[in-house]
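Q:
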Amino acid sequence: MTDTKTRTDHAVTWAVAHFGELTGVTVPVVLAATVDVWFLLAGGAVAVWWGFHDLRLARQAKALAGAGQPPAQLTATTTAAPGSGSADHHGESA
């Protein structure tokens with residue numbers, strides 16, 4: 350089945366998902382324009398927090414994308430019985 354979402358659908362989905370951040374920036378800006386300019390500090394603080402949050406998510410997504418292959422499995426290299434004295438503490442033969 351093909352994806353039939355339009356650009357508008359994607360934009361609305363993004364806006365709904367980020368409603369809290371958009372409100373946190375928009376409300377202080379409106380208050381700064383109508384009440385007092387000091388409300389811009391609150392809007393700026395929310396914008397900085399939003400930027401750091403998105404940066405953290407991008408780094409996390411990049412790390413997860415690089416973890417697509419499982420790590421190599423370690424194999425046992427010693428066949429000596431424990432305590433026999435023929436292997437050192439790393440499991441390698443002497």
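At position 18 of the sequence shown (counting the first as 1) the number is 367 in our numbering, and the numbers step up by one without a gap.
Cβ atoms here follow ideal geometry from the backbone N, Cα and C, with glycine treated the same way.
From a predicted model like this one, the values you see are computed outputs, not experimental measurements.
Less than 9 Å between the C-beta atoms of Ala-294 and Leu-380, yes or no?
A: Past the boundaries of the shown model lies residue 294; the chain is included only from 350 to 443, so the question cannot be answered.
Q: Just how far apart, CA to CA, sit Trp-399 and Thr-424?
A: Along the sequence shown, read from residue 1 onward, the residue named residue 399 stands at position 50. Along the sequence shown, read from residue 1 onward, the residue named residue 424 stands at position 75. Spanning the alpha carbons of Trp-399 and Thr-424 requires a straight line of approximately 45 Å.
Q: Under three-state DSSP, which class holds Val-374?
A: Position 25 of the sequence shown, counted from the first residue, corresponds to residue 374. Helix.
Q: Alpha carbon to alpha carbon, how far is Thr-405 from Val-386?
A: Numbered from 1 along the sequence shown, position 56 holds the residue referred to as residue 405. Numbered from 1 along the sequence shown, position 37 holds the residue referred to as residue 386. Residue identity check: residue 405 is Arg in the sequence provided, not Thr. Computed Cα separation, rounded: 30 Å.
Q: Taking the CB atoms as reference points, tell me whether Leu-389 and Val-378 lie closer together than 9 Å.
A: As a working mapping, residue 389 is identified with position 40 in the sequence shown. As a working mapping, residue 378 is identified with position 29 in the sequence shown. Pairing Leu-389 with Val-378 gives a Cβ-Cβ distance under 9 Å.
Q: Tell me which same chain residues have a C-beta within less than 7 Å of the C-beta of His-367, skipping the five on either side of it?
A: Along the sequence shown, one-based indexing puts residue 367 at 18. If we look at His-367 and ignore the five residues flanking it on each side, it has no Cβ neighbours.
Q: Could you check whether Leu-371 and Ala-454 sit closer than 9 Å to each other, using their CB atoms as the reference points?
A: The chain is shown from 350 up to 443; residue 454 falls before or after that span and cannot be answered.
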